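First comes the structure, then the notes that go with it.
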Amino acid sequence: MDLPISNPDAAEAAGTGPIILALPKGRILSELGPVLARAGIHPAPDYTDEDSRRLRFETSDPALDVVRVRPFDVATFVAHGAAQIGICGADVLMEFDYPEIYAPLDLGIGRCRISVAEPAATAGQDDPSRWSRLAVASKYPNVAQRHYAARGVQAEVVHLNGAMELAPSLGLARVIVDLVQTGSTLKANGLIETEVIAHVTSRLIVNRTALKTMPERIGAWIARFRAALAP
60 MDLPISNPDA AEAAGTGPII LALPKGRILS ELGPVLARAG IHPAPDYTDE
110 DSRRLRFETS DPALDVVRVR PFDVATFVAH GAAQIGICGA DVLMEFDYPE
160 IYAPLDLGIG RCRISVAEPA ATAGQDDPSR WSRLAVASKY PNVAQRHYAA
210 RGVQAEVVHL NGAMELAPSL GLARVIVDLV QTGSTLKANG LIETEVIAHV
260 TSRLIVNRTA LKTMPERIGA WIARFRAALA P
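Heads up: the sequence shown is residues 60 to 290, going by my numbering.
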């Protein structure tokens with residue numbers, strides 16, 4: 060005789076607990092609000108409060124909880140099954156390229172781009188086609204290396220998580236590869252955008268194993284997000 064599952068963690072492992080939706084902290088949360096509402100998802104009010112110490116929040120639907128994590132961590136949570144679905148930028152998917160992740164929907168929000176930038180004072184003074192090695196500062200080492208490898212250039216990536224714009228002026232790297240929205244931070248630090256590697260929007264992502272083992276439950280959430288995007 061099977062006993063009822065009372066442990067929430069055990070319930071999730073058995074596929075009977077709430078689905079976990081991983082959301083990124085920061086600016087995307089405000090853009091996500093209307094999309095979540097149209098999908099019928101209304102998290103606890105403090106989920107947008109950056110001062111809240113809670114990381115997991117109940118929603119108006121008992122079948123769904125949300126967790127709030129760093130944007131770069133959303134894909135990792137979903138790939139490893141800690142969350143069954145999530146929302147993250149295409150930049151994160153490009154960097155990690157997890158085979159465990161399926162990205163069925165482009166939400167069309169969080170628009171920005173991954174770009175190359177270099178000092179305005181020296182930009183255009185050299186021919187990039189003649190480079191064989193290049194020092195690059197970036198929080199996207201895989202993206203940067205793939206981009207330059209395709210051109211026959213070996214990128215020596217200095218992995219930084221912030222203050223990328225300082226790297227060229229302090230001799231740490233010749234160029235940077237970073238996420239750009241308006242370009243104002245680049246301009247304020249004497250840099251110009253010289254190349255766009257990829258345009259970025261936020262995507263709904265799904266753990267492939269969860270989709271296979273809980274096709275109806277996961278499929279229903281994909282359908283709700285798809286309906287939320289309908290004009």
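By construction, the Cβ of each residue, glycine as well, lies at the ideal position given by its N, Cα and C atoms.
None of these values were measured; they are calculated from a predicted model.
As assigned by DSSP and simplified to three states, the class of residue i
i	result
residue 116	strand
residue 150	helix
residue 225	helix
residue 250	strand
residue 207	helix
residue 197	strand
residue 157	coil
residue 130	helix
residue 162	strand
residue 290	coil
Option in the options with minimal Cα separation from residue i
i	options	result
residue 268	91, 230, 157 and 200	157
residue 85	169, 233 and 150	169
residue 210	189, 113 and 258	189
residue 174	195, 256, 262 and 90	256
residue 166	212, 88 and 109	88
residue 161	212, 290 and 265	265
residue 208	136, 218, 127 and 191	191
residue 119	111, 258 and 104	104
residue 342	273, 252, 127 and 163	The question about residue 342 has no answer, for the chain in this structure spans 60 to 290.
Any chain C beta carbon closer than 8 Å to residue i
i	result
residue 176	The chain inventory of the structure shown lacks chain C, comprising one protein chain alone.
Inter-residue Cα distance where the pair is residue i and residue j
i	j	result
residue 146	residue 286	16 Å
residue 231	residue 76	48 Å
residue 101	residue 95	7 Å
residue 180	residue 249	8 Å
residue 154	residue 141	20 Å
residue 117	residue 106	9 Å
residue 333	residue 159	This structure gives no information on residue 333, because the portion of the chain shown stretches from 60 to 290.
residue 93	residue 260	16 Å
residue 201	residue 242	22 Å
residue 113	residue 83	14 Å
residue 123	residue 237	34 Å
residue 275	residue 109	33 Å
residue 271	residue 263	17 Å
residue 125	residue 284	15 Å
residue 216	residue 121	45 Å
residue 229	residue 133	32 Å
residue 139	residue 184	45 Å
residue 131	residue 282	25 Å
residue 90	residue 254	26 Å
residue 176	residue 218	15 Å
residue 78	residue 97	18 Å
Cβ separation of residue i and residue j, assumed to be a contact under 8 Å, to the nearest whole Å
i	j	result
residue 198	residue 220	5 Å
residue 234	residue 193	7 Å
residue 196	residue 149	21 Å between Cβ atoms; not a contact.
residue 144	residue 137	7 Å
Counterpart residues of residue i in DSSP-defined beta bridges
i	result
residue 79	124
residue 275	None; residue 275 has no bridge partner.
residue 173	238 and 257
residue 145	81 and 264
residue 217	196
residue 178	250
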